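Colleague: I have a structure I would like to understand better, so I am pasting it below and will then ask my questions one at a time.
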Amino acid sequence: MDEDELEMLSEARVRFTNTQGKKAKRKAREKQLADARRMASLQKRRELHADGIVVGDGGYRSVRAASPSRVQQEAENFLALQNVETLKGGLNTPLHDLRLNSALPQKQVVATPNTLNINNEGVIKNVKEELRKALGSLPNPKNDYQLLLPEGEEESDEQPDAEEEWVEDASDAAKARARARALKRIEERKLRTQAFQRNLPRPAKLNEQCTKKATNKADMSVRTRSEQRKVQPPGHSLASKSDGSPFLTVPSKFGRLSARKTAKMEKQLKVKLGEYTNIANGLTKKLTDLQSERTSLSMELDTFKNLAVHANKSIAKRVHKLTLDIEKQHERERKLQKKYGALQYTICKS
Numbered sequence: 001m002d003e004d005e006l007e008m009l010s011e012a013r014v015r016f017t018n019t020q021g022k023k024a025k026r027k028a029r030e031k032q033l034a035d036a037r038r039m040a041s042l043q044k045r046r047e048l049h050a051d052g053i054v055v056g057d058g059g060y061r062s063v064r065a066a067s068p069s070r071v072q073q074e075a076e077n078f079l080a081l082q083n084v085e086t087l088k089g090g091l092n093t094p095l096h097d098l099r100l101n102s103a104l105p106q107k108q109v110v111a112t113p114n115t116l117n118i119n120n121e122g123v124i125k126n127v128k129e130e131l132r133k134a135l136g137s138l139p140n141p142k143n144d145y146q147l148l149l150p151e152g153e154e155e156s157d158e159q160p161d162a163e164e165e166w167v168e169d170a171s172d173a174a175k176a177r178a179r180a181r182a183l184k185r186i187e188e189r190k191l192r193t194q195a196f197q198r199n200l201p202r203p204a205k206l207n208e209q210c211t212k213k214a215t216n217k218a219d220m221s222v223r224t225r226s227e228q229r230k231v232q233p234p235g236h237s238l239a240s241k242s243d244g245s246p247f248l249t250v251p252s253k254f255g256r257l258s259a260r261k262t263a264k265m266e267k268q269l270k271v272k273l274g275e276y277t278n279i280a281n282g283l284t285k286k287l288t289d290l291q292s293e294r295t296s297l298s299m300e301l302d303t304f305k306n307l308a309v310h311a312n313k314s315i316a317k318r319v320h321k322l323t324l325d326i327e328k329q330h331e332r333e334r335k336l337q338k339k340y341g342a343l344q345y346t347i348c349k350s
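With UniProt numbering applied, the sequence shown corresponds to residues 1 to 350, in that order.
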């Protein structure tokens, strides 16, 4: 063996002898450290138990990973935008996606699963468009209407003219009509003679002389009343409740009935024709406005026509005056040119 090989062999033996036994010492030292840690933890647990603090034997929960800080991410984005370099054909500066659409928590809308593919967006949009077109093709609303009132039955004298808000029962209405007819018959019976009211026998033939006397008497009473009205001052009533005759009472009764019917018919006609009256009044007002506007426009037209005639006359005068001024100016310029030529000739000659 060479000297070099012997040297290497001796060094290897020395290293082997130096490392022998170190592993056992290290394990013993680690065991002592573990025992010391265990004794320290036991001592600490005994002290906590003595103070009334119970510590479980189980392990602690693992610490949750820290959520990313929005403030830190904003700061990093700001620094990245500040220290950005000139783009060299690459991507933009990478930033954190914060998704800060609002200060409130983000809403997570859970959509209904479309497993059968029945809610296609294109189909729904087409249906909406068709519905919008169909609604757009509808005719414009009209405001034309007509009022029709039902023809009511003839009401009695005691029945009020105003229409009732509630609907009366048919049986009650029939009873009321029967009662009204009975009262009407009684009133008509009171207007007849006493013989008719008492159901006395009446003669088959009438005495014409008696009727003539009665009619002559009635005519005389009417004539005397008219003469007394002419003589008496206004405001003094000669009529009394006791001097009425049946020949005058019956016509006055029928006059009152006809007046009530006429008033009722007038009221119905006002209700039916009220809208037409308003329309006619509006159209009349528009017609009067148009007529007044037409009158004012015709006056303006006549005024402008007169102005046009005067303007045409004045235009001819002004044109003639301007032509005279132009001729005078030309004549003056010719004279000045001649004078200028004469002066120039004298200067050149001298």
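From the three backbone atoms N, C-alpha and C, an ideal C-beta is built for every residue, glycine too. Keep in mind it's a predicted model, so treat the numbers as computed, not measured.
(1) Kindly indicate which residue of Arg177, Gln344, Asp2, Gln268 has the alpha-carbon position closest to the one of Leu147.
(2) DSSP three-state label for Gly52, please.
(3) By Cβ distance below 7 angstroms, which residues in the same chain neighbour Thr346 in space, the five residues on each side in sequence not counted?
(4) Out of Arg45, Pro94, Ala342, which has the shortest C-alpha to C-alpha gap to Leu81?
(5) Are the beta-carbon atoms belonging to His96 and Asn77 less than 7 angstroms from one another?
(6) Near Glu129, what residues of its chain come up, given a Cβ to Cβ distance below 8 angstroms and the 5 sequence neighbours on each side ignored?
(7) Is it true that the CB of Gln197 sits closer than 7 angstroms to the CB of Arg185?
(8) According to DSSP, is Ile118 part of a helix, a strand, or is it coil?
(9) From the DSSP output, in three-state form, read off Asn77 for me.
(10) DSSP three-state call for Asn278: helix, strand or coil?
(11) Per the contact definition of three or more C-beta pairs closer than 8 angstroms, is the segment 169 to 188 in contact with the segment 303 to 319?
(12) If I measure Cβ to Cβ from Asp172 and keep anything under 8 angstroms in the same chain, skipping five residues before and after, which residues do I get?
(13) Pick helix, strand or coil for Val14, following the three-state DSSP scheme.
(14) Looking at the unbroken alpha helix (DSSP H) that takes in Lys142, where does it start and where does it end?
(15) Name the two residues that bound the continuous alpha helix (DSSP H) containing Lys184.
(16) Starting from Gln197, follow the alpha helix (DSSP H) in both directions and report where the run begins and ends.
(17) Only counting runs of 4 or more residues, tell me where the alpha helix (DSSP H) segments fall wholly within the segment 261 to 318, in order along the chain.
(18) Who are the Cβ neighbours of Asn278 in its own chain at under 7 angstroms, not counting the five residues just before and after it?
(19) Consult DSSP for Arg37 and reduce its assignment to one of helix, strand or coil.
(20) Is DSSP giving Thr346 helix, strand or coil here?
(21) Do you know how far the Cα of Lys272 is from the Cα of Ser137?
(22) Rounded to whole angstroms, what's the CA-CA distance from Thr262 to Lys253? Just pull it up for me.
Modeller: In this structure, then:
(1) Walking along the sequence shown from the start, residue 147 turns up at place 147. Distance from the Cα of Leu147 is smallest, within the candidate group Arg177, Gln344, Asp2, Gln268, for Gln268.
(2) In the sequence shown, the residue the question calls residue 52 occupies position 52. Here Gly52 sits in coil by DSSP.
(3) The residue labelled residue 346 in the question sits at position 346 within the sequence shown. Within the same chain, Thr346 has no close Cβ partners at all.
(4) Position 81 of the sequence shown, counting from 1, holds the residue named residue 81. Out of Arg45, Pro94, Ala342, the CA that lies nearest to the CA of Leu81 is found in Pro94.
(5) Your numbering for residue 96 matches position 96 in the sequence shown. Your numbering for residue 77 matches position 77 in the sequence shown. It is a contact, given that the beta carbons lie within the stated cut-off.
(6) What you label residue 129 is simply residue 129 of the sequence shown in a count that begins at 1. Setting aside the 5 residues that flank it on each side, Glu129 has no residue in the same chain whose C-beta is closer than 8 angstroms to its C-beta.
(7) Position 185 of the sequence shown, counted from the first residue, corresponds to residue 185. Position 197 of the sequence shown, counted from the first residue, corresponds to residue 197. For Arg185 and Gln197, no; Cβs fall outside 7 angstroms.
(8) As a position in the sequence shown, residue 118 is number 118, starting the count at 1. Ile118 falls in the coil class under three-state DSSP.
(9) Counted from its first residue, the sequence shown places residue 77 at position 77. For Asn77, the secondary structure class from DSSP, reduced to helix, strand or coil, is helix.
(10) Locating residue 278 in the sequence shown gives position 278, where the first residue counts as 1. In the structure shown, the three-state DSSP call for Asn278 is helix.
(11) No, they do not touch.
(12) Within the sequence shown, residue 172 is the residue found at index 172, counting from 1. Correct list: empty, nothing qualifies.
(13) On the sequence shown, position 14 is the one that residue 14 refers to. Val14 falls in the helix class under three-state DSSP.
(14) As a working mapping, residue 142 is identified with position 142 in the sequence shown. Counting along the chain, Lys142 falls outside any alpha helix (DSSP H), and DSSP gives it neither H nor E.
(15) For the purposes of this step, residue 184 is identified with residue 184 of the sequence shown, where counting begins at 1. Here the alpha helix (DSSP H) through Lys184 covers 170 to 191.
(16) The residue labelled residue 197 in the question sits at position 197 within the sequence shown. Segment 194 to 197, the alpha helix (DSSP H) holding Gln197.
(17) Fully enclosed alpha helix (DSSP H) runs of 4 or longer: not present.
(18) For this step, residue 278 is matched to residue 278 along the sequence shown. No residues qualify anywhere along the chain.
(19) Residue numbering aside, residue 37 sits at position 37 when the sequence shown is read from its first letter. Here Arg37 sits in helix by DSSP.
(20) Your numbering for residue 346 matches position 346 in the sequence shown. DSSP places Thr346 in helix when its eight states are reduced to three.
(21) Your numbering for residue 137 matches position 137 in the sequence shown. Your numbering for residue 272 matches position 272 in the sequence shown. Taking the straight line joining both Cα atoms gives about 34 angstroms.
(22) Taking the sequence shown and counting its residues from 1, the one referred to as residue 262 is at position 262. Taking the sequence shown and counting its residues from 1, the one referred to as residue 253 is at position 253. Each residue's alpha carbon lies about 14 angstroms from the other.
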